[in-house]
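A.B. asks: Quick note: the sequence shown uses the numbering used here, first residue 1284, plus one each step. Where a beta carbon is used, it is the ideal one built from N, C-alpha and C, also for glycine. Quantities reported herein were computed from a predicted structural model and do not represent experimental measurements. Sending over a structure as structure tokens; questions will come in a sec.
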Amino acid sequence: MLIAGAGDLARSQRGLPPQLVAFTPAGDTVLESLAPVAELSGLQTQLATQVAQGSLAKGARAVLDSVAGRPLEVEAGYGSGLVVELLFDPDTPTAGAGLAGVGLPTVAWTQALARGLQTIPGQGQPAGRTFLDPRQLPGVLFPKPSDSPFPALWFVGALLGLYLLLVVPLNYQLLRRIGKPALFWITAPVIALAFALVSYGIGQGLQAGIRDTEIQLYRVGPDGVLSRVAVHGIVFPTRGDHRLTFGADRLLAPYTIAYPDETPSCVRCALPASTESAGTEEHVLGGSSPSIAENGIVYGSVRIVGSAATGHGGLQLSAHLSEASDKVTGSILNTGQVAVADVFVYTYFQGGFRAAFVSSKLAPGQSVQLDDPVRQVAGAAPDLAPGTRLTEGQAISLIADETGRRTLSHAGQLAVVGFVPPAATGLAVDGTSPGGQVVAAFGLPVEPESAAGRLGEVAYPRLVGSVPDANAGALLDSYDIALPSTSGTLMLRYDQRLYSDVEVYDWQAHTWRSGQFQQDPTTPLVQLKPLPGDEIRNGLVRVRLHELAVSWGSDITVRFRGEAP
């Protein structure tokens, strides 16, 4: 969340809960230079504007100061989210002048917005932090058209044999015995019709109606705040068109086109804006009660759809965790009203996802201590032979792994993952709730409180400024490298193939330092330097550099002296 203002900052924050207020204004505003804002992007300005005065909220930190030491920009975390406050108004006339071809408001807003972008471990793209991303869940978690029930071969053979025996020889012999063989032309069609009706009834009983395989993914925040994404794999036993509704959920999404192996006929599903379209279709119908139209259904069709909602609930956990080499230490306390089962901790460590089992159950009020190594997590779903399905244990393990991966938003972060009793999502097909099975998993993102042994796996860079530099033919980007609590000599390292003109910010002198790097004797392509105390503040190391494309700081790290790459 981004808030900006000076004299009107208090009014802008009015109505927000205290947890989302990073700065409390007090007293009159003061005139301050905006040079630090420009310098963060390698620019210069003489502009000044009014800046709010006041105090930082507990847990908040100033990330940009004026030369006089007054905060210009502050931030505070809330769950996996971030509250950023600009203590000046970038759009005021005094702040809105042009700046080397770039408006200062554009620079200020870009810097503030960039702070909220984090990269999914191993994927190099910004991660969402409101809902767990449900896209591209492994297809083996959902039903297949071949899962549509068919009667056993012996049963079909016996039924067909009985039909052939009744309709011709027994029927004819009986009619001859009673002296009315001519009735054969009437009884044979009647018997055929009766068998057709019986077969249809048996088929309906075997199909047991529409069936739903549902996976609920919860992202847990502080104070009982949570978001839920429900993904449904629905098997349709009959032909026709259907409407899916989702109770109180208002955010809907069709996913079938992302699972071509489940329903090949929907690879090119039309997504029309009109309900008059024909053919194989899957699209959302808007309105006060949105729904999803599923048209062109044939026997055994599988459609995968999703819905999402946010709110409060009884699922609450308090986790205080640290990372020490390849171990996770600390404690997890169930502060909510819901028991959780099969609890794991996930992280991204040494280039891959890793996990540690914590507890088979945590009842409300119960806690558990951790001092466990994290082990490599399989990178993909199990390769199943044709016609086989996941066992219950395999499915639970795979859902836990996927939840852990999707909860993490940057390397070094931890995710507490477990399972809870599912909630009723209100899915109805043509007004009727389908039967089936449902599994509910949750992910709680946790920032490590301290690190020892492998700081490079925990410290993570955040983009805080990016502008084109025509003279250098590259981007001039700034990164803040966030550190947990730690001690010892710290070293800044970067790959000279990706970065050039690297500078480090001196928080006390409010200047940029360059030219202090040396070649790593063990890795010639790496430059490194020790970090003195004035280059670290509030757990942040700030660097400014040239790069050809935004790398999200993937190859610039802070490590302990002597720490292995």
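Can you list, in chain order, the residues of its chain with a C-beta nearer than 8 Å to that of leucine 1653? Leave out the 5 residues immediately preceding and following it.
C.D. replies: By one-based count along the sequence shown, residue 1653 stands at place 370. Correct list, in chain order: Leu1604, Val1611, Thr1612, Gly1613, Ser1614, Ile1615, Val1628, Ala1639, Val1641.
A.B. asks: Is the number of C-beta pairs between the segment 1759–1774 and the segment 1837–1844 that are closer than 8 Å three or more?
C.D. replies: At 8 Å Cβ cutoff, the stretches touch.
A.B. asks: Could you tell me the boundaries of the beta strand (DSSP E) in which threonine 1686 lies?
C.D. replies: Counting from 1 along the sequence shown, the entry for residue 1686 is found at position 403. Per DSSP, threonine 1686 belongs to no beta strand (DSSP E); it is in the alpha helix (DSSP H), 1675–1690.
A.B. asks: Is the distance from the Cβ of alanine 1602 to the Cβ of phenylalanine 1414 below 9 Å?
C.D. replies: Taking the sequence shown and counting its residues from 1, one reaches residue 1602 at position 319. Taking the sequence shown and counting its residues from 1, one reaches residue 1414 at position 131. Not a contact, by the Cβ cut-off of 9 Å.
A.B. asks: So, with DSSP's three-state summary, where would you put alanine 1536?
C.D. replies: Along the sequence shown, one-based indexing puts residue 1536 at 253. Alanine 1536 falls in the strand class under three-state DSSP.
A.B. asks: DSSP puts histidine 1566 in a beta bridge; with which residues?
C.D. replies: As a position in the sequence shown, residue 1566 is number 283, starting the count at 1. Answer is Ala1576, bridged to histidine 1566.
A.B. asks: According to DSSP, is valine 1320 helix, strand or coil?
C.D. replies: On the sequence shown, position 37 is the one that residue 1320 refers to. Helix, per DSSP.
A.B. asks: Histidine 1595 bridges to which residues according to DSSP?
C.D. replies: One-based indexing of the sequence shown puts residue 1595 at position 312. Note: histidine 1595 sits in a beta bridge opposite Val1508.
A.B. asks: Using C-beta distances below 8 Å, list every residue in its chain close to valine 1439, excluding the 5 sequence neighbours before and after it, in chain order.
C.D. replies: As a first step, residue 1439 is located in the sequence shown; it is residue number 156 there, counting from the start. Nothing meets the Cβ criterion.
A.B. asks: Mapping DSSP to helix, strand and coil, what is glycine 1362?
C.D. replies: Here residue 1362 corresponds to residue number 79 of the sequence shown, with the count starting at 1. Note: glycine 1362 maps to coil in three-state DSSP.
A.B. asks: Report the CB separation of leucine 1500 from valine 1512 in whole angstroms; it is logged as a contact under 8 Å.
C.D. replies: Along the sequence shown, read from residue 1 onward, the residue named residue 1500 stands at position 217. Along the sequence shown, read from residue 1 onward, the residue named residue 1512 stands at position 229. Sure, about 5 Å apart at Cβ, within 8 Å.
A.B. asks: Considering only C-alpha positions, which residue in the set Pro1815, Gly1422, Trp1790, Leu1758 is nearest to glutamine 1799?
C.D. replies: Locating residue 1799 in the sequence shown gives position 516, where the first residue counts as 1. Answer by Cα proximity: Pro1815.
A.B. asks: Does the distance from the CB of histidine 1693 to the CB of alanine 1755 come in under 9 Å?
C.D. replies: Walking along the sequence shown from the start, residue 1693 turns up at place 410. Walking along the sequence shown from the start, residue 1755 turns up at place 472. The answer is no: Cβ separation not under 9 Å.
A.B. asks: Answer with buried or exposed for glutamine 1394, where buried requires no fewer than 16 other C-beta atoms within 10 angstroms of its C-beta.
C.D. replies: Taking the first residue of the sequence shown as position 1, residue 1394 is located at position 111. With 16 or more other Cβ atoms within 10 Å, it is buried.
A.B. asks: For phenylalanine 1777, name the three-state secondary structure that DSSP assigns.
C.D. replies: Along the sequence shown, one-based indexing puts residue 1777 at 494. One detail in the question is off: residue 1777 reads as tyrosine in this sequence, not phenylalanine. The answer is strand: DSSP assigns tyrosine 1777 an E or B state.
A.B. asks: Spell out a yes or no on whether the segment 1786–1795 and the segment 1806–1826 are touching, meaning 3 or more CB-CB pairs, one atom from each, closer than 8 Å.
C.D. replies: A contact exists between the segment 1786–1795 and the segment 1806–1826.
A.B. asks: According to DSSP, is leucine 1396 part of a helix, a strand, or is it coil?
C.D. replies: Here residue 1396 refers to the residue found at position 113 of the sequence shown. Three-state result, leucine 1396: helix.
A.B. asks: Less than 9 Å between the C-beta atoms of isoleucine 1517 and arginine 1418, yes or no?
C.D. replies: The residue given as residue 1517 occupies position 234 in the sequence shown. The residue given as residue 1418 occupies position 135 in the sequence shown. It is not a contact, given that the beta carbons lie outside the stated cut-off.
A.B. asks: Can you name the start and end residues of the alpha helix (DSSP H) that glycine 1739 belongs to?
C.D. replies: Counting from 1 along the sequence shown, the entry for residue 1739 is found at position 456. Careful: glycine 1739 lies outside any alpha helix (DSSP H) and carries neither H nor E.
A.B. asks: Which one of Asn1821, Ile1286, Ala1318, Ser1572 has the shortest CA to CA distance from alanine 1856?
C.D. replies: Beyond the ends of the chain as shown, which are 1284 and 1848, falls residue 1856; an answer cannot be given.
A.B. asks: Does threonine 1470 come out as helix, strand or coil in the three-state DSSP assignment?
C.D. replies: By one-based count along the sequence shown, residue 1470 stands at place 187. Correct three-state label for threonine 1470: helix.
A.B. asks: Check the C-beta distance from alanine 1757 over to serine 1608 and give it rounded, since I have them as a contact under 8 Å.
C.D. replies: Taking the first residue of the sequence shown as position 1, residue 1757 is located at position 474. Taking the first residue of the sequence shown as position 1, residue 1608 is located at position 325. The pair is not a contact, with the Cβ atoms about 36 Å apart (cut-off 8 Å).
A.B. asks: Considering only DSSP beta bridges, list what proline 1656 is partnered with.
C.D. replies: As a first step, residue 1656 is located in the sequence shown; it is residue number 373 there, counting from the start. Partner(s): Lys1610.
A.B. asks: Using only the alpha-carbon positions, how far apart do glycine 1718 and valine 1451 sit?
C.D. replies: The residue you call residue 1718 lines up with position 435 of the sequence shown. The residue you call residue 1451 lines up with position 168 of the sequence shown. If I take the Cα positions, the gap works out to 41 Å.
A.B. asks: What would DSSP say about leucine 1445, mapped onto helix, strand or coil?
C.D. replies: Here residue 1445 refers to the residue found at position 162 when the sequence shown is read from its first residue. In this structure, leucine 1445 counts as helix in the three-state DSSP scheme.
A.B. asks: Helix, strand or coil for serine 1295, going by three-state DSSP, please let me know.
C.D. replies: One-based indexing of the sequence shown puts residue 1295 at position 12. Serine 1295: helix per DSSP, three-state reduction.
A.B. asks: Report all residues from its chain with a CB closer than 6 Å to the CB of phenylalanine 1478; omit the five preceding and five following residues, and keep chain order.
C.D. replies: Against the sequence shown, residue 1478 aligns to sequence position 195. For phenylalanine 1478, where only same-chain residues beyond five positions count, the Cβ hits under 6 Å are Tyr1446.
A.B. asks: In this structure, how does DSSP classify isoleucine 1517 when only helix, strand and coil are distinguished?
C.D. replies: By 1-based counting over the sequence shown, the position of residue 1517 is 234. Residue state, collapsed to three classes: strand.
A.B. asks: Between which two residues does the beta strand (DSSP E) carrying tyrosine 1501 extend?
C.D. replies: Within the sequence shown, residue 1501 is the residue found at index 218, counting from 1. Counting along the chain, the beta strand (DSSP E) containing tyrosine 1501 begins and ends at 1494–1503.
A.B. asks: Using 9 Å as the threshold, is the C-beta distance between valine 1503 and leucine 1600 below it?
C.D. replies: Counting from one through the sequence shown, the residue named residue 1503 turns up at place 220. Counting from one through the sequence shown, the residue named residue 1600 turns up at place 317. Going by C-beta atoms, valine 1503 is nearer than 9 Å to leucine 1600.
A.B. asks: By alpha-carbon positions, which one of Ala1305, Gln1696, Leu1424, Thr1593 ends up nearest to glycine 1635?
C.D. replies: In the sequence shown, counting from the first residue as 1, residue 1635 sits at position 352. Closest option to glycine 1635, Cα to Cα, is Gln1696.
A.B. asks: What residue does the beta strand (DSSP E) around tyrosine 1629 start on, and which one ends it?
C.D. replies: Position 346 of the sequence shown, counted from the start, is the residue given in the question as residue 1629. Run containing tyrosine 1629: 1623–1632, per the beta strand (DSSP E) assignment.
A.B. asks: Around the Cβ of glutamine 1849, are there at least 16 other Cβ atoms within 10 angstroms (buried) or fewer (exposed)?
C.D. replies: Nothing about residue 1849 can be read from this structure; the chain reaches only from 1284 to 1848.
A.B. asks: My understanding is that glycine 1619 touches glycine 1597, with C-beta atoms under 8 Å, so please give their C-beta distance in whole angstroms.
C.D. replies: Stepping through the sequence shown from its first residue, residue 1619 is reached at position 336. Stepping through the sequence shown from its first residue, residue 1597 is reached at position 314. The Cβ separation is near 5 Å, so the contact holds.
A.B. asks: Ends of the beta strand (DSSP E) at arginine 1825?
C.D. replies: On the sequence shown, position 542 is the one that residue 1825 refers to. 1823–1830 is the extent of the beta strand (DSSP E) around arginine 1825.
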